[in-house]
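The opening position of the sequence shown corresponds to residue 8 in this note's numbering, with each subsequent residue numbered one higher. For reference, the structure discussed in these notes is given below.
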Amino acid sequence: MPINIPNGLPARAVLEQENIFVMAEHRAAHQDIRPLRILILNLMPKKIETETHLLRVLSNTPLQVDIDLLQTKTHVSKNTPAEHLLKFYNVFDDVKERHYDGMIITGAPVEQLPFEQVDYWEELCTIFDWTDTHVFSTLHICWAAQAGLYYYYGIPKYPLPQKMFGVFEHRCLVPNHKLFSGFDDCFFVPHSRHTALRREDIEACGQVSLLSYSEEAGVHLVASRDNRRFFVTGHAEYDRDTLAGEYWRDRSKGLDIALPRHYFPGDDPAAAPVNRWKSHGSLLYSNWLNYFVYQNTPFDLQKLTEQERP
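Here it is in structure tokens:
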């Protein structure tokens with residue numbers, strides 16, 4: 008699909024090298040269609056890397072998508088150049104009057120803190136509330152999935168004795184769900200987190216459904232009953248070398264980090280990892296865009312303000 012991103016965004020060159028159709032802002036402005044409007048709240052420290060991951064998987068449908076990038080105002084990123092943030096990112100005040108077909112909220116390296124101790128928690132709660140009337144469907148990733156389930160439904164997260172780190176096999180619990188269209192019965196997903204959700208808490212909540220699960224990694228994908236909120240604990244958008252980069256980064260800091268499980272061939276960190284999740288990762292995002300954004304969102308996004316969630 009033609010994905011419309013700001014001119015000069017570093018991800019553009021990477022995607023073009025991969026033969027992904029990236030549309031310039033000038034050309035997009037002259038298309039006689041209404042593109043999907045997607046907002047990405049990027050909470051990750053390496054924002055440029057995360058932008059590339061997400062734009063890659065959002066490019067796998069014939070739909071035209073216009074992307075806006077959002078950062079929190081109450082937290083200053085230390086790992087992304089200020090010039091990049093100033094040029095390409097909005098804060099909530101910039102977008103709060105706009106309406107979006109879909110929104111993605113990324114994970115963040117704050118999972119070991121209580122939610123209320125995260126410095127941008129209050130701002131994030133404001134954004135959560137805003138999505139009810141200004142975003143048709145929201146996809147929450149990793150820590151954002153835990154934060155969303157806690158905020159909306161009171162579902163807690165639990166510390167793990169050891170980091171959940173590696174690539175794990177999952178099963179669809181609701182195989183006929185449209186989010187799994189084209190999926191195999193078993194599929195692989197990378198995980199990298201220190202906390203977890205519990206299956207019994209999800210199943211005890213009458214407002215959400217558990218869609219997929221891993222015997223090793225646990226809860227993976229949860230959906231609200233109206234399919235307008237999705238919560239994903241893994242990272243289907245990760246590149247082949249993302250977990251390796253995290254492993255060597257922590258090793259270089261002298262941290263006690265175990266090898267990511269089921270990732271390096273023969274558990275040899277010198278061996279090139281095999282990507283076993285790319286196809287399902289692309290399907291996950293394209294199915295979300297197609298079935299739960301494009302086919303359901305109102306043509307006039309202003310009507311979102313008039314809608315109320317059940």
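Yeah, the Cβ is synthetic: ideal placement off N, Cα and C, and Gly gets one too. This one's a predicted model, so the numbers in the text were calculated from it and none came from an experiment.
Does DSSP put residue i in a helix, in a strand, or in coil?
i: residue 228; result: strand
i: residue 48; result: strand
i: residue 161; result: coil
i: residue 120; result: coil
i: residue 250; result: helix
i: residue 281; result: coil
i: residue 259; result: helix
i: residue 206; result: helix
i: residue 266; result: coil
i: residue 156; result: helix
i: residue 186; result: helix
i: residue 16; result: coil
i: residue 300; result: helix
i: residue 43; result: strand
i: residue 125; result: coil
If you follow the beta strand (DSSP E) that residue i is part of, which residue opens it and which one closes it?
i: residue 193; result: 193-203
i: residue 240; result: From DSSP, residue 240 is part of no beta strand (DSSP E); its letter is neither H nor E.
i: residue 145; result: 142-148
i: residue 292; result: Run containing residue 292: none in the beta strand (DSSP E); it sits in the alpha helix (DSSP H), 285-294.
Could you pull the start and end residues of the alpha helix (DSSP H) that residue i belongs to?
i: residue 176; result: Run containing residue 176: none in the alpha helix (DSSP H); it sits in the beta strand (DSSP E), 165-179.
i: residue 61; result: 54-64
i: residue 222; result: No alpha helix (DSSP H) contains residue 222, which DSSP labels as neither H nor E.
In chain order, what residues of the same chain lie with their CB nearer than 6 Å to the CB of residue i, ignoring the 5 residues before and after it?
i: residue 186; result: 294
i: residue 268; result: 173
i: residue 112; result: 48, 147, 151
i: residue 304; result: 108, 143
i: residue 82; result: 126, 127
i: residue 56; result: none
i: residue 115; result: 50, 150
With a threshold of 8 Å on Cβ separation, who are the neighbours of residue i within its own chain once the five nearest residues in sequence on each side are excluded?
i: residue 188; result: 290, 294, 298
i: residue 287; result: 190, 191, 194, 195, 196, 243
i: residue 184; result: 218, 230
i: residue 306; result: 41
i: residue 157; result: 122, 163, 164
i: residue 97; result: 75, 76, 77, 78
i: residue 102; result: 46, 75, 77
i: residue 226; result: 203, 204, 205, 206, 209, 217, 220, 240
i: residue 91; result: 17, 54, 55
i: residue 100; result: 80
i: residue 284; result: 174, 194, 195, 196, 197, 243, 245
Whose C-beta lies closer than 7 Å to the C-beta of residue i among residues of the same chain, with five residues either side of it excluded?
i: residue 68; result: 8, 293, 296, 297
i: residue 334; result: The chain is shown only over 8 to 317; residue 334 falls outside these bounds and no answer can be derived.
i: residue 61; result: 47, 111, 244
i: residue 282; result: 247
Output yes if chain D places a C-beta closer than 8 Å to the C-beta of residue i; else output no.
i: residue 62; result: Included in the structure is just one protein chain, with no chain D present.
- [ ] Pair every Cβ in the segment 146-164 with every Cβ in the segment 177-186, then say whether three or more of these pairs are closer than 8 Å.
- [x] no
Task: 4-residue-minimum alpha helix (DSSP H) runs that sit fully inside the segment 72-114, ordered along the chain - done: Runs of the alpha helix (DSSP H) lying entirely within the segment 72-114 and spanning at least 4 residues, in chain order: 89-95, 99-102.
Task: Segment contact, 8 Å Cβ cut-off, at least three pairs: the segment 46-66 with the segment 76-85 - done: yes
Open item on the list: Check whether the segment 254-273 and the segment 229-238 touch, using three or more Cβ-Cβ pairs below 8 Å as the test.
Closed with: no
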